[in-house]
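A short write-up of the structure that comes next.
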């Protein structure tokens, strides 16, 4: 009788552990499925965003070509790079006459192209206008920190000058309220130089970039 009870107790214990094992296995499988679902959804969103940027980049390049505007448009990210020589005199943040003419053609093509793209019109969150300089030093006795900050001031003022002029060009003003909430200006000094064969290309480093930031999804 005692042996039988031990056997019965052992059986109940085995059933309990088997049940717990099945439960834990089920929970693990649920978490795995949830993880891969979230991973898949994130990849789908990333794919759609990248595809939209590629399409917007292509449409933007075509719009600029139609207006004979020279600018480098990254076909993947949609980042636009404009040489400082198109916009400013050396070491100046005041738009040249050439720069004003350039932006008068560039801005409407750029902005209207973005706002007429269905995906961009819905998901575009910010347009970052970012100024960049090269690392060549200003004349005079300045420390490394002072040189960096003088270039920071120059790059920031150049970005502001571009943003300020763009908002006064004849783009579709129906998008004006949205645009004013989107534009951000930044100065990067010479923190992100353009390298050619491992060396800084001073001419290419002096530029203004326009970057697109998409809305975050839950």
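In our numbering, the protein residues as written are 385 to 602.
Even for Gly, the Cβ is constructed at its ideal location relative to N, Cα and C.
Note on geometry: alpha-carbon atoms of residue 497 and residue 538 lie some 29 Å from one another.
Per DSSP, the unbroken beta strand (DSSP E) holding residue 509 starts and ends at 508–516. Inclusion of residue 453 and residue 490 in the CB contact set at 8 Å is warranted, their separation being smaller than that value. Per DSSP, the unbroken alpha helix (DSSP H) holding residue 589 starts and ends at 586–589. Distance from the Cα of residue 535 is smallest, within the candidate group 572, 479, 418 and 583, for 572.
The three-state reading of DSSP puts residue 478 in coil, since its state is none of H, G, I, E or B. Excluding residues up to 5 positions away in sequence, 456, 591 and 593 lie with their Cβ nearer than 6 Å to the Cβ of residue 465 in the same chain.
Rounded to whole angstroms, the Cβ separation of residue 581 and residue 516 is 19 Å, and the two are not in contact under 8 Å. Between the alpha carbons of residue 444 and residue 414 lies a distance of about 44 Å.
Pairing residue 578 with residue 565 gives a Cβ-Cβ distance that is not under 8 Å. Between the C-alpha atoms of residue 434 and residue 506 there is a straight-line separation of about 15 Å. When the alpha-carbon of residue 484 is set against those of 475, 470 and 411, the nearest one is in 470. Rounded to the nearest angstrom, the Cβ distance from residue 513 to residue 543 is 5 Å, consistent with a contact under 8 Å.
Residue burial is scored here from C-beta neighbours: residue 585 has fewer than 16 other C-beta atoms within 10 angstroms and is therefore classed as exposed. In this structure, residue 533 and residue 436 do not form a Cβ contact; the two beta carbons are roughly 37 Å apart against a cut-off of 8 Å. Judged by DSSP in its simplified three-state form, residue 579 adopts strand. Across the structure, residue 417 and residue 502 are spaced so that their CA atoms are roughly 33 Å apart.
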